[in-house]
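Novice:
In the numbering used here, the protein residues as written are 28 to 260.
1. As a quick exercise: from 174, 256, 239, pick the residue whose alpha carbon is nearest that of residue 221.
2. Would you mind giving the Cβ-Cβ distance between residue 155 and residue 138, rounded to the nearest angstrom? I have them listed as a contact below 8 Å.
3. Classify residue 28 as helix, strand or coil using the three-state DSSP reduction.
4. Once DSSP output is grouped into helix, strand and coil, what is the label at residue 183?
5. Assign residue 40 to one of two classes, buried (16 or more other C-beta atoms within 10 Å of its C-beta) or exposed (fewer than that).
6. Quick one: grab the DSSP three-state call for residue 34.
7. Only counting the same chain, and skipping five residues up and downstream in sequence, which positions put a Cβ closer than 6 Å to that of residue 72?
8. How about residue 58 and residue 82: do their beta carbons lie closer than 8 Å?
9. Considering only C-alpha positions, which residue in the set 45, 144, 69, 122 is nearest to residue 88?
10. Rank 117, 75, 97 by C-alpha distance to the C-alpha of residue 104 and give the top, closest one.
11. Have a look at 51, 120, 239 and flag the residue whose alpha-carbon is nearest the alpha-carbon of residue 140.
12. Which residue spans inside the stretch 71-96 form an unbroken alpha helix (DSSP H) run of at least 4?
13. Residue 228 and residue 45 look like a contact to me (Cβ under 8 Å); what is the Cβ gap, rounded to whole Å?
14. Under a Cβ-count criterion, where at least 16 other Cβ atoms within 10 Å of its own Cβ denotes burial, should residue 28 be classed as buried or exposed?
15. Within 10 angstroms of its Cβ, does residue 157 collect 16 or more other Cβ (buried), or is it exposed?
16. Where are the alpha helix (DSSP H) runs, 4 residues long or more, that stay fully inside the stretch 92-140, in chain order?
17. With 16 other CB atoms within 10 Å as the buried threshold, where does residue 114 fall?
18. Taking buried to mean at least 16 other C-beta atoms within 10 Å of its own C-beta, is residue 50 buried or exposed?
19. Can you name the start and end residues of the beta strand (DSSP E) that residue 176 belongs to?
20. On the DSSP bridge list, what partners appear for residue 60?
21. Excluding the 5 residues flanking residue 196 on each side, which residues of the same chain have their C-beta closer than 6 Å to its C-beta?
22. Do residue 77 and residue 61 come within 8 Å of each other at the CB atom, strictly closer than that value?
23. Which one of 91, 108, 226, 131 has the shortest CA to CA distance from residue 118?
24. If you measure between the beta carbons of residue 248 and residue 237, is that distance less than 8 Å?
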């Protein structure tokens, strides 16, 4: 496969920044989920086969379906990280390994229905609107605990943890504040109510904020633009 030099450089720089952030944190590792909204199958396959990034995140159902056959899917783990409409669940239920954006019981019921049809259990993350922004999806922090307890009613929906998108911040310290608050809340809920279902996964941090997210306890980071943006010559 022909080298894509700018992607090599982008990934090397991101990897160095991840390693530095891990050294400043209590974490030993973090999973990079490449957000592939603004790229094509060729570049996804390069990321997977040449650079060794095996977790990718799709934002749009239609986009996933359109490039499904072009993807080199052997060993590729596809996460769904965008807003998911109930009527679209049936199209991706057998194609993704995890849904990061579960924010309603009606969506959980549809995931349950479609997963049962396929005889699978779908891993999900409860999405938290950590900044309580009206224009964003996700549960408000005060809704999360009760929501998680209700998910126990769905045998084919496996709650693995939480996802959040912090508000746009100017400084790293501001991101840290949101991520720290979300991390502590999630840990409290898990330890008090959900401790019998394994360790929680926390998906938080994107191109502008992944270092702060790692330092505050992220298990997964979702990076798109910083990976795929071609450099000026």
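Beta carbons are placed, not taken as given, at the ideal position from N, Cα and C, and that holds for glycine.
Specialist: In short, the structure shows the following:
1. 174
2. Between residue 138 and residue 155 the Cβ distance is about 18 Å, and since that is not below 8 Å, they are no contact.
3. coil
4. coil
5. exposed
6. helix
7. 99
8. yes
9. 122
10. 75
11. 120
12. 88-94
13. Contact doesn't hold; Cβ gap of about 17 Å is too wide.
14. exposed
15. buried
16. 116-119
17. exposed
18. exposed
19. Segment 171-177 is the alpha helix (DSSP H) holding residue 176; no beta strand (DSSP E) there.
20. 249
21. 202
22. no
23. 91
24. yes
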